[in-house]
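S.K.:
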Amino acid sequence: MFKTTVTPRFGDIDGLKHANNIAIAIWFEQARNPIFRLFTPDLKLDYDNWKLIMARAEYDYVGEMFYGEDVEIHTYIVRIGNSSFTIGQEAWQNGKMGAKGQTVIVHYDFIEKRSKSIPDQIKESLKEHFVDAE
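Numbering (the numbering used here), first residue to last: 56 to 189.
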């Protein structure tokens, strides 16, 4: 499991003084970077070397999160397929979960415009961060 600390910005907060729905998606995206690096460990995470595409994202807002206190994002793997995998994430503030979600990522060849199998070595690295979400 990866843990990333996010400090909510003033602009991440909505009129009800809660973390905005869009802020959660942005925080979760930022916290996926360690997983992205498994696919390009020696290169910058840039468009010329990108190997992944998002196929689905879903978020459940289960509690309130506020400005002024750090949020810890837990990022882990819940499913590994042939060419895709599912990332689970949770946002915690002051010991309480504020959001959770899952994202399906596909290993993708942008030149050939098709998915491709995840190399065995990367699958093994993904397995190190597997958490049974059931």
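The C-beta atom is built at its ideal place from N, Cα and C for all residues, glycine as well.
From the DSSP secondary-structure annotation, give me the bridge partner or partners of Tyr116.
M.R.: If you number the sequence shown from 1, residue 116 lands on position 61. Beta-bridge pairing links Tyr116 to Ala154.
S.K.: Using only the alpha-carbon positions, how far apart do Ala74 and Gln157 sit?
M.R.: Here the question's residue 74 lines up with position 19 in the sequence shown. Here the question's residue 157 lines up with position 102 in the sequence shown. Each residue's Cα considered, the two are about 19 Å apart.
S.K.: What's the call for Pro174, buried or exposed, on a 16-neighbour Cβ count within 10 Å?
M.R.: Mapped onto the sequence shown, residue 174 falls at position 119. Per the 10 Å Cβ criterion, exposed.
S.K.: Give the straight-line distance between the Cα atoms of Ile128 and Glu167, rounded to the nearest whole angstrom.
M.R.: To locate residue 128, count along the sequence shown from 1; it is residue 73. To locate residue 167, count along the sequence shown from 1; it is residue 112. Ile128 and Glu167: Cα-Cα distance of roughly 34 Å.
S.K.: Report the three-state DSSP secondary structure of Ile108 (helix, strand or coil).
M.R.: The sequence position of residue 108 within the sequence shown is 53, counting from 1. Correct three-state label for Ile108: strand.
S.K.: Do you know how far the Cα of Met120 is from the Cα of Gln176?
M.R.: Residue 176 sits at position 121 when you count from the first residue of the sequence shown. Residue 120 sits at position 65 when you count from the first residue of the sequence shown. Distance between the alpha carbons of Gln176 and Met120 is about 37 Å.
S.K.: For the putative contact between Pro63 and Val126, defined by C-beta atoms under 8 Å, what is the C-beta separation to the nearest angstrom?
M.R.: Walking along the sequence shown from the start, residue 63 turns up at place 8. Walking along the sequence shown from the start, residue 126 turns up at place 71. That belief holds up - the Cβ atoms of Pro63 and Val126 are roughly 6 Å apart, short of 8 Å.
S.K.: Relative to the C-alpha of Leu93, which residue among Glu124, Lys106, Phe83 is closest?
M.R.: By 1-based counting over the sequence shown, the position of residue 93 is 38. Among Glu124, Lys106, Phe83, the Cα nearest to that of Leu93 belongs to Lys106.
S.K.: Within the continuous alpha helix (DSSP H) that includes Lys58, where are the two ends?
M.R.: Residue numbering aside, residue 58 sits at position 3 when the sequence shown is read from its first letter. Counting along the chain, Lys58 falls outside any alpha helix (DSSP H), though it belongs to the beta strand (DSSP E) covering 57-61.
S.K.: Identify every residue that forms a DSSP beta bridge with Tyr131.
M.R.: Within the sequence shown, residue 131 is the residue found at index 76, counting from 1. Its beta-bridge partners are Gly143.
S.K.: Pop quiz: Ala146 and Gly153 are said to be a contact at Cβ under 8 Å. What is the actual Cβ separation, rounded to whole angstroms?
M.R.: In the sequence shown, the residue the question calls residue 146 occupies position 91. In the sequence shown, the residue the question calls residue 153 occupies position 98. About 5 Å; that satisfies the 8 Å criterion.
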